[in-house]
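Colleague: I'd like to ask some things about the structure below.
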Amino acid sequence: MDKIYNVGIIGGGISGVVIALELAKYGIDTILFEQEKSVVNGPPFCHLHAGGNLYPDISDEQCKILMKQSIDMARLFPQSIDERPTFISIPKSEKYEVDKIEHRLEMLVEYYKKLIDEDPSNEILGAPKDYYKLYTKKDLIALTEQPTVKRPNSSDEWMSNAIKLIDYEKLKTPVIIVQEYGWNLFRLGAQAQLALNKTEKCNLKTNTDVTNIKDVRDQNLDYNWEIYTNDTVHKVKYLVNSCGFKTGEFDESLKLNTERLIEFKAAYISKWHPIPGLIPELIFHGERGTPHGMVQLTPY
């Protein structure tokens, strides 16, 4: 008799992988389909949005959600986190005000404390008192005189390395260092692959295209969905569609009306001149959807 899986997961990106691993913790068997030769092959990412500080237009509640989700992800894949902070600034030409960002950071510190009180293991971003630090123009002038540190260990050292490369006269002050870390795509992919290979509760099918899905919920069978690949039909009780921007193709074929949002981004890789010390991720805020949109520079 063909095996019937509890859950079939289409797409081995971050969401598909996390679902499979979390279900495995509870002894729920899954079959996970990925068309590439390994998992986590979706659009590139590099930043752990632990507080939503790259999004000045979102609500405080959304910032809290991003912090909680980021901490959960860092706990699940700790080796994928680059403990490199983020430099936050607003050019003088832009509408945003530093005071508003500072008030939000104060709120996030209190929320971070609450998460740690609920579970001490949530202290992923360092001590709450060190979550962010403000730097006035006077501070920046002093830090430019400090020696460059090859591997910074404090917010001051990170800021000192960065500010030597930035024309801070064009920025509103204070500027900010915040503990939103880097997120390493390649290490996460490797860690996820190893975890999936280790668990006995997930049957990982790489190099496998799902060609069709059939809804058989009205046929009184022991399963609800048939997943068709090139040469096999797989039977599952529950279906998870986690194939990224292609989710709509399967939803449409199954006549499922699901609202979705797609955000188009542009990312480029460039080779910079060698620098003597590591620098934080650099953010220069600007209004989204305009020629003055945010600039995000991620050093590797």
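Numbering of the sequence shown is given in my numbering, commencing with residue 1277 and proceeding in unit increments. Think of the CB as a built atom: it goes at the ideal place given N, C-alpha and C, for glycine as much as any other residue. Nothing here was measured: the structure is a model prediction, and the numbers come from that model.
With a floor of 4 residues, list each alpha helix (DSSP H) that falls wholly inside the region 1453-1482, ordered by position along the chain.
Modeller: 1461-1474, all fully within the region 1453-1482.
Colleague: Tell whether a beta-carbon distance below 8 Å holds between His1561 and Ser1365.
Modeller: Taking the first residue of the sequence shown as 1, we reach residue 1561 at position 285. Taking the first residue of the sequence shown as 1, we reach residue 1365 at position 89. Yes, the pair counts as a contact, with Cβ atoms nearer than the cut-off.
Colleague: Is the region 1335-1347 touching the region 1385-1393, taking contact as three or more C-beta pairs under 8 Å?
Modeller: The region 1335-1347, when compared against the region 1385-1393, does touch it at the 8 Å Cβ threshold.
Colleague: Pull up the distance between the alpha-carbon of Pro1320 and that of Trp1459, whole angstroms please.
Modeller: As a working note, residue 1320 is residue 44 in the sequence shown. As a working note, residue 1459 is residue 183 in the sequence shown. Approximately 10 Å, taken between the alpha carbons.
Colleague: Does DSSP put Pro1556 in a helix, in a strand, or in coil?
Modeller: In the sequence shown, counting from the first residue as 1, residue 1556 sits at position 280. In the structure shown, Pro1556 sits in coil (DSSP, three-state: anything other than H, G, I, E or B).
Colleague: Would you identify the three-state DSSP class for Ile1307, choosing helix, strand or coil?
Modeller: For the purposes of this step, residue 1307 is identified with residue 31 of the sequence shown, where counting begins at 1. Reduced to three states, the DSSP call for Ile1307 is strand.
Colleague: Which partner residues does Ser1365 have in the DSSP bridge list?
Modeller: One-based indexing of the sequence shown puts residue 1365 at position 89. Answer is Phe1560, bridged to Ser1365.
Colleague: Could you round the C-beta distance between Glu1310 and Lys1481 to whole angstroms and report it? I think they count as a contact, below 8 Å.
Modeller: Numbered from its first residue, the sequence shown carries residue 1310 at position 34. Numbered from its first residue, the sequence shown carries residue 1481 at position 205. Indeed, because the Cβ distance is near 7 Å, the residues count as touching under 8 Å.
Colleague: Report the start-end ranges of each beta strand (DSSP E) in the region 1353-1430 that is 3 residues or longer and not cut off at the edges.
Modeller: Whole beta strand (DSSP E) segments, 3+ residues: 1362-1365, 1408-1411.
Colleague: Which of helix, strand or coil does DSSP assign to Asp1348?
Modeller: Translated into positions along the sequence shown, residue 1348 becomes position 72. Helix.
Colleague: Can you grab the Cα-Cα spacing for the pair Gln1455 / Ala1326, in whole Å?
Modeller: Within the sequence shown, the letter at position 179 stands for residue 1455. Within the sequence shown, the letter at position 50 stands for residue 1326. Taking the straight line from one Cα to the other gives about 8 Å.
Colleague: Between the Cα of Gln1345 and those of Asp1305, Arg1360, Val1294, spot the shortest distance and give me the residue it belongs to.
Modeller: Position 69 of the sequence shown, counted from the start, is the residue given in the question as residue 1345. Checking every option, the nearest Cα to that of Gln1345 belongs to Val1294.
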